[in-house]
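J.: Quick one: this structure, given as structure tokens, is what I'll be asking you about.
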């Protein structure tokens, strides 16, 4: 099928669905999901149905959405910014791999100084606690590879595991004032 731009989705009023592989885990064992610490390289991601210790392969190049899209905007209650995931190959559209790579790259971006300076004291203390943990030698921390400056990933606190993508039109309207992919 076609790969749609955000404008085409809006004009055609298309309902975009997320690939079930990118959905949150469920109690159903037959629906695979992705296990991934977004602060670590994507090679550490694994599909729930794969052997332990095996990097994710099945579904990597699958479309992230149905219909396929050129760009996907992700928002969350955990962070304040809009994460923009663009297709590595526009003729294929955004893939499941593009989503995880885009999230990882976004979490490794520097946090704007204005965002840090605008935090309430309690939020700032939480950020600094996360900062220290993320640069430690703890098993699930990026350690020194994360670098000295505060990164967007430091704002996740303990919410570092990919927990799937869901469409929440009410939250999207509240946060952005409009809906869309």
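Numbering (the numbering used here), first residue to last: 560 to 740.
Ideal placement from N, C-alpha and C gives every residue a C-beta, glycine not left out.
(1) Between which two residues does the alpha helix (DSSP H) carrying residue 691 extend?
(2) DSSP on residue 658, reduced to helix/strand/coil?
(3) Please classify residue 637: does DSSP put it in a helix, a strand, or coil?
(4) On the premise that residue 658 lies in contact with residue 623, defined as a C-beta separation below 8 Å, what is that separation, rounded to the nearest angstrom?
(5) Just the Cα atoms here: how many angstroms apart are residue 664 and residue 642?
(6) In whole angstroms, what is the alpha-carbon distance linking residue 719 and residue 621?
(7) Going by C-alpha to C-alpha distance, which of 736, 735, 565 sits closest to residue 649?
(8) Would you please state the rounded distance, in angstroms, between the beta carbons of residue 722 and residue 583? I believe it to be under 8 Å.
(9) What residue range does the alpha helix (DSSP H) around residue 728 cover?
T.: Quick answer:
(1) The residue labelled residue 691 in the question sits at position 132 within the chain shown. Note, residue 691: alpha helix (DSSP H), 680 to 693.
(2) As a working mapping, residue 658 is identified with position 99 in the chain shown. It is helical.
(3) Position 78 of the chain shown, counted from the first residue, corresponds to residue 637. If DSSP states are grouped into helix, strand and coil, residue 637 belongs with coil.
(4) Reading the chain shown from its first residue, position 64 is the one you call residue 623. Reading the chain shown from its first residue, position 99 is the one you call residue 658. 5 Å between Cβ atoms; contact.
(5) Locating residue 664 in the chain shown gives position 105, counting from the first residue. Locating residue 642 in the chain shown gives position 83, counting from the first residue. Each residue's alpha carbon lies about 10 Å from the other.
(6) Position 160 of the chain shown, counting from 1, holds the residue named residue 719. Position 62 of the chain shown, counting from 1, holds the residue named residue 621. The alpha-carbon atoms of residue 719 and residue 621 are separated by roughly 24 Å.
(7) Within the chain shown, numbered from 1, the residue matching residue 649 stands at position 90. The shortest C-alpha separation from residue 649 is found at 565.
(8) For the purposes of this step, residue 722 is taken as residue 163 along the chain shown, with counting starting at 1. For the purposes of this step, residue 583 is taken as residue 24 along the chain shown, with counting starting at 1. Their Cβ separation, rounded to whole angstroms, is 5 Å, which keeps residue 722 and residue 583 in contact under 8 Å.
(9) As a working note, residue 728 is residue 169 in the chain shown. Unbroken alpha helix (DSSP H) run through residue 728: 728 to 735.
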